[in-house]
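> Just so you know, the sequences run in chain order S and Y.
Note that the first sequence covers residues 1 to 435 in the UniProt record's numbering.
Note that the second sequence covers residues 1 to 435 in the UniProt record's numbering.
Note that the Cβ used here is the ideal one computed from N, Cα and C, for glycine as well.
There are 2 protein chains.
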Amino acid sequence: MAAQTPHQGDRSTVPAAAAVSRRRVLAATGIAGVAGLAAAGGAVARDAFAQDAAPAADAVAFRGAHQAGIVTAAQDRLHFAAFDVVTRDRDHLVALLRQWTAAAARMTAGQAAGGSGAVGGPAQAPPEDTGEALDLPPAQLTLTVGFGASLFRDAAGRDRFGIAAHLPPALAPLPHFPGDQLRPELSGGDLCVQACANDPQVAVHAIRNLARIGFGTVSLRWSQLGFGRTSATTRAQSTPRNLMGFKDGTANLRAEDGALLEEQLWVQPGDGPQWLAGGTYLVSRKIKMLVETWDRTSLAEQEAIFGRTKGSGAPLTGRDEFDRPDFAATGADGRPVIAPEAHVRLAHPDQHGGARMLRRGYHFVDGSDGLGRMDAGLFFLAFQRDPRRQFVPVQRALARSDVLNEYIRHVGSAVFACPPGVRDAGDHWGRTLFG
Amino acid sequence: MAAQTPHQGDRSTVPAAAAVSRRRVLAATGIAGVAGLAAAGGAVARDAFAQDAAPAADAVAFRGAHQAGIVTAAQDRLHFAAFDVVTRDRDHLVALLRQWTAAAARMTAGQAAGGSGAVGGPAQAPPEDTGEALDLPPAQLTLTVGFGASLFRDAAGRDRFGIAAHLPPALAPLPHFPGDQLRPELSGGDLCVQACANDPQVAVHAIRNLARIGFGTVSLRWSQLGFGRTSATTRAQSTPRNLMGFKDGTANLRAEDGALLEEQLWVQPGDGPQWLAGGTYLVSRKIKMLVETWDRTSLAEQEAIFGRTKGSGAPLTGRDEFDRPDFAATGADGRPVIAPEAHVRLAHPDQHGGARMLRRGYHFVDGSDGLGRMDAGLFFLAFQRDPRRQFVPVQRALARSDVLNEYIRHVGSAVFACPPGVRDAGDHWGRTLFG
Numbered sequence: 001m002a003a004q005t006p007h008q009g010d011r012s013t014v015p016a017a018a019a020v021s022r023r024r025v026l027a028a029t030g031i032a033g034v035a036g037l038a039a040a041g042g043a044v045a046r047d048a049f050a051q052d053a054a055p056a057a058d059a060v061a062f063r064g065a066h067q068a069g070i071v072t073a074a075q076d077r078l079h080f081a082a083f084d085v086v087t088r089d090r091d092h093l094v095a096l097l098r099q100w101t102a103a104a105a106r107m108t109a110g111q112a113a114g115g116s117g118a119v120g121g122p123a124q125a126p127p128e129d130t131g132e133a134l135d136l137p138p139a140q141l142t143l144t145v146g147f148g149a150s151l152f153r154d155a156a157g158r159d160r161f162g163i164a165a166h167l168p169p170a171l172a173p174l175p176h177f178p179g180d181q182l183r184p185e186l187s188g189g190d191l192c193v194q195a196c197a198n199d200p201q202v203a204v205h206a207i208r209n210l211a212r213i214g215f216g217t218v219s220l221r222w223s224q225l226g227f228g229r230t231s232a233t234t235r236a237q238s239t240p241r242n243l244m245g246f247k248d249g250t251a252n253l254r255a256e257d258g259a260l261l262e263e264q265l266w267v268q269p270g271d272g273p274q275w276l277a278g279g280t281y282l283v284s285r286k287i288k289m290l291v292e293t294w295d296r297t298s299l300a301e302q303e304a305i306f307g308r309t310k311g312s313g314a315p316l317t318g319r320d321e322f323d324r325p326d327f328a329a330t331g332a333d334g335r336p337v338i339a340p341e342a343h344v345r346l347a348h349p350d351q352h353g354g355a356r357m358l359r360r361g362y363h364f365v366d367g368s369d370g371l372g373r374m375d376a377g378l379f380f381l382a383f384q385r386d387p388r389r390q391f392v393p394v395q396r397a398l399a400r401s402d403v404l405n406e407y408i409r410h411v412g413s414a415v416f417a418c419p420p421g422v423r424d425a426g427d428h429w430g431r432t433l434f435g
Numbered sequence: 001m002a003a004q005t006p007h008q009g010d011r012s013t014v015p016a017a018a019a020v021s022r023r024r025v026l027a028a029t030g031i032a033g034v035a036g037l038a039a040a041g042g043a044v045a046r047d048a049f050a051q052d053a054a055p056a057a058d059a060v061a062f063r064g065a066h067q068a069g070i071v072t073a074a075q076d077r078l079h080f081a082a083f084d085v086v087t088r089d090r091d092h093l094v095a096l097l098r099q100w101t102a103a104a105a106r107m108t109a110g111q112a113a114g115g116s117g118a119v120g121g122p123a124q125a126p127p128e129d130t131g132e133a134l135d136l137p138p139a140q141l142t143l144t145v146g147f148g149a150s151l152f153r154d155a156a157g158r159d160r161f162g163i164a165a166h167l168p169p170a171l172a173p174l175p176h177f178p179g180d181q182l183r184p185e186l187s188g189g190d191l192c193v194q195a196c197a198n199d200p201q202v203a204v205h206a207i208r209n210l211a212r213i214g215f216g217t218v219s220l221r222w223s224q225l226g227f228g229r230t231s232a233t234t235r236a237q238s239t240p241r242n243l244m245g246f247k248d249g250t251a252n253l254r255a256e257d258g259a260l261l262e263e264q265l266w267v268q269p270g271d272g273p274q275w276l277a278g279g280t281y282l283v284s285r286k287i288k289m290l291v292e293t294w295d296r297t298s299l300a301e302q303e304a305i306f307g308r309t310k311g312s313g314a315p316l317t318g319r320d321e322f323d324r325p326d327f328a329a330t331g332a333d334g335r336p337v338i339a340p341e342a343h344v345r346l347a348h349p350d351q352h353g354g355a356r357m358l359r360r361g362y363h364f365v366d367g368s369d370g371l372g373r374m375d376a377g378l379f380f381l382a383f384q385r386d387p388r389r390q391f392v393p394v395q396r397a398l399a400r401s402d403v404l405n406e407y408i409r410h411v412g413s414a415v416f417a418c419p420p421g422v423r424d425a426g427d428h429w430g431r432t433l434f435g
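#1: Would you call residue 426 of chain S buried or exposed, if buried means 16 or more other Cβ atoms sit within 10 Å of its Cβ?
#2: Assuming residue 421 of chain S and residue 106 of chain S make a contact with CB atoms under 8 Å, what is their CB distance in whole Å?
#3: Taking Cβ to Cβ, would you say residue 169 of chain Y is nearer than 8 Å to residue 275 of chain Y?
#4: Out of curiosity, what's the CA-to-CA distance linking residue 412 of chain S and residue 100 of chain S?
#5: In this structure, what does DSSP give as the bridge partners for residue 96 of chain S?
#6: Can you tell me which of the three DSSP states residue 257 of chain S falls into?
#7: Does any CB atom of chain Y fall closer than 8 Å to the CB of residue 242 of chain S?
#8: Using the beta-carbon count (16 or more within 10 Å), is residue 148 of chain S buried or exposed?
#9: Give me the residue from Y:155, Y:430, Y:140, Y:288 with the minimum Cα distance to residue 244 of chain Y.
#10: Determine whether the Cβ of residue 320 of chain S lies closer than 8 Å to any Cβ atom of chain Y.
#11: I think residue 196 of chain S touches residue 203 of chain S, with their Cβ atoms under 8 Å apart; what is that distance to the nearest whole Å?
#12: Can you name the residues of chain S whose CB is closer than 7 Å to the CB of residue 297 of chain Y?
#13: Count the other CB atoms within 10 Å of the CB of residue 221 of chain S; is the residue buried (16 or more) or exposed (fewer)?
#14: Count the CB pairs spanning the segment 249-265 of chain Y and the segment 77-88 of chain Y that are closer than 8 Å, and state whether there are at least three.
#15: Quick check on residue 288 of chain S - is its C-beta less than 8 Å from some C-beta in chain Y?
#16: Whose CA, out of S:291, S:390, S:341, lies closest to the CA of residue 407 of chain S?
#17: Against chain S, which members of the segment 185-207 of chain Y pass a CB distance test of less than 7 Å?
#18: Run through DSSP, which three-state label would residue 289 of chain S get?
#19: Counting along the chain, where does the alpha helix (DSSP H) carrying residue 401 of chain S start and finish?
#20: Quick check on the burial criterion: 16 or more other C-beta atoms within 10 angstroms. Buried or exposed for residue 296 of chain S?
#21: Over the uninterrupted beta strand (DSSP E) stretch that includes residue 221 of chain S, give me the two end residues.
#22: Just the C-alpha distance for residue 231 of chain Y and residue 318 of chain S, rounded to the nearest angstrom, thanks.
#23: Closest by CA to residue 209 of chain Y, which one among Y:146, Y:399, Y:112?
#24: In angstroms with no decimal places, state the Cα-to-Cα distance between residue 126 of chain Y and residue 376 of chain S.
#25: How would you write the range of the beta strand (DSSP E) that residue 194 of chain S sits in, first residue to last?
#26: With DSSP collapsed to three states, give me the class of residue 140 of chain S.
#27: Please go through the same chain and pick out, in chain order, the residues whose beta-carbon is closer than 7 Å to the beta-carbon of residue 150 of chain S, but skip the five residues on each side of it.
#28: Thinking C-beta only, is residue 141 of chain Y closer than 8 Å to residue 206 of chain Y?
#29: Find out if the Cβ-Cβ distance for the pair residue 237 of chain S, residue 74 of chain S is shorter than 8 Å.
#30: Report, in whole angstroms, the separation of the C-beta atoms of residue 185 of chain Y and residue 370 of chain S, which I expect to be a contact under 8 Å.
#31: Assign residue 150 of chain Y to one of three DSSP states: helix, strand, or coil.
#32: Is it buried or exposed, residue 322 of chain Y, if we count other Cβ atoms within 10 angstroms and call 16 or more buried?
#33: Residue 415 of chain S and residue 347 of chain S look like a contact to me (Cβ under 8 Å); what is the Cβ gap, rounded to whole Å?
#34: So, with DSSP's three-state summary, where would you put residue 126 of chain S?
#35: Listed in chain order, which residues of the segment 346-380 of chain Y have Cβ atoms closer than 8 Å to some Cβ of chain S?
#36: Residue 391 of chain S to residue 242 of chain S, Cα distance in whole Å?
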């Protein structure tokens, strides 16, 4: 384990040779357009941005049966954005989804974002890429899109874009859970884009350029930066620790789980609207942790709350992290070794008809809260086939009984339906939904 | 250049073998203390945290004539924290500085933070480390301390801890600059700690554990997470790009600058209070960028504003990034090629009697602003021998004339005096100031 920490493992996958691929060929034009520039100092030399066709060795394939960024080995950094659609014009929205798809294909390959026109416009036009990732490799960037229920019907129940009939029943709003302190400005959204990469600048650049391309059609509703993935999505990754210091997500669905992924992760053809077959649902929850309070709790109590040891992550009834918890075991005092309200028991698939999720969350630290405390916690992301049978019952059990609730606050929440993957160059993120 | 992007260069320096050093030896105690635990489920196995003595190959030396984290090759991630001292007792404050120094020495070596007592307390006690960095290497963590003017005198001018006579004149409050929109809750502070590392989890863990150790003596005033260093502090690092997409800090002071560092960076024995000789001053400014507005500005105008090309970073009068700008050159139209108000001209050392700084800032993205825009920008950090002769005149020129001001807002500000380095195991951060 010493040779593969969760973070180090990700970083070592970025080969230096890939760094060339985002870089544009400099082609000085000698005299640039000067139309609007006299006041700013006259003629300037400039770079013409031309694409370099070199393949990018640390790029994740953008196209496929499923969207990338779900079973993809979890990258180390996140920029997640929820957007509101501000146009009423269905054609504008579909055109944007086409433009976004093209930009996502380019950026995940380490190329410039582009925009509504060709890459490398005239000097008087805004650049077709914001430029801050010019010298950076793809860094395993993935961009994953999702559609919120509010895209289908507005608050008054009106069909916004002629797709209300395609609203999946499983995209229903989450119920109120005990203890929820949700803030509207951190919740919901018509569209979401999850940008994951091993370099935060690459993830931020991607969201920023999608927002730039979407100007006038969508507006950023909320966004979240995350670091230090809090889950492993392949067997090659070790289980990381949450900000409470515990290994978290030991029972996570992983890329190698084969038939179980069809059962638990991917929407099947018979599940509901056809447009979502091969897709999945994403639940996001912004969970603040009262870390200062937690840090003054005894180690033994922390371990009793989780039902696992802090060092190895083993259940209190076992020796190794992946040992199966023995919920029936009792101690010398006759009490269960793993308490009835221990987190590992409440969240265990055995308690929920085998319900599993593919968690893909990140830590967040948003500075401090003005009261001398860190504004920090877990930005929880979980993909699943049907939130009504997976996230909702698990969270209901946790919200009711989990002793962890003394140390956490759910402040943001959203659910999105993530369409299947983009198949070929003519395909786009909105095809299966909008036709 | 292709083989060494700023980010990749940093990442490749973390050898996998170092990952062992923060990891504790698991020593199951069989039966743990159960005093307060009956209600939580009875006896639990637990790890005893013992220190592993293996050397950490990616650790930065904590002790030396100067503090680490200044000329140290700029790491890729930042967690910066400003604290208010909440005790009135000088002895408590000095004791905390001793504890912090010991914890900083441990954490920068990849070990557990410790606390007021020995590492590995009884099960009923809070853990002596919060644990979320248990499996992570040192990641070149540096911890750099600074003292604000408010530590010396309170707002009423009273000597708080018997050190008012040692207040350096150069630690004077910054003047108000045109356009400043400073928020008190993002400004000032009695103490600061700059945590830099190549893994954000390591930097966050360090600040969190210092805050934990300081509970009751200090209170977190504000903090800032940063990513993607915006400066190069050694010749081995290439100049990174700011969030406007331009290479920034081409003229930065660097570790190799020898005598120039004595002239421009380190406080000299004759400069003022003796306790600060070998130290330096740190100016922090939180600078929001109106990135959406910038992104709709033409490439030619962006380049005219900076006075540099966006692609290579060359001055508009040159071909390569490090070409000396020719401020006298005029174009065919008789106007200066580099405009009178171009950023590169206003900030150039030639305009300020050769004044240079060691910049060490980071990007920030704090989500969005509720108006559909990213809450993003530059967390500017600059070390210097005397802000009155370096930061202040440069910023005055920029605040007065820089066309960039249309695209940025200064919202946070602070100045700290950073003492010299900790020399040996008996030394501590407060020794030269408090004796």
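Result, derived from the coordinates:
#1: exposed
#2: Actually they do not touch by this definition, with Cβ atoms about 17 Å apart.
#3: no
#4: 26 Å
#5: Partner(s): none; residue 96 of chain S has no beta bridge.
#6: helix
#7: yes
#8: buried
#9: Y:288
#10: no
#11: 6 Å
#12: 126
#13: buried
#14: no
#15: no
#16: S:291
#17: 185, 199, 200, 201, 204
#18: strand
#19: 391-401
#20: exposed
#21: 218-229
#22: 48 Å
#23: Y:112
#24: 20 Å
#25: 191-197
#26: coil
#27: 188, 190
#28: yes
#29: yes
#30: 6 Å
#31: helix
#32: exposed
#33: Not quite, the Cβ-Cβ distance comes to about 19 Å (not below 8 Å), so this is no contact.
#34: coil
#35: 363, 365, 366, 367, 368, 370, 372, 373, 374, 376
#36: 19 Å
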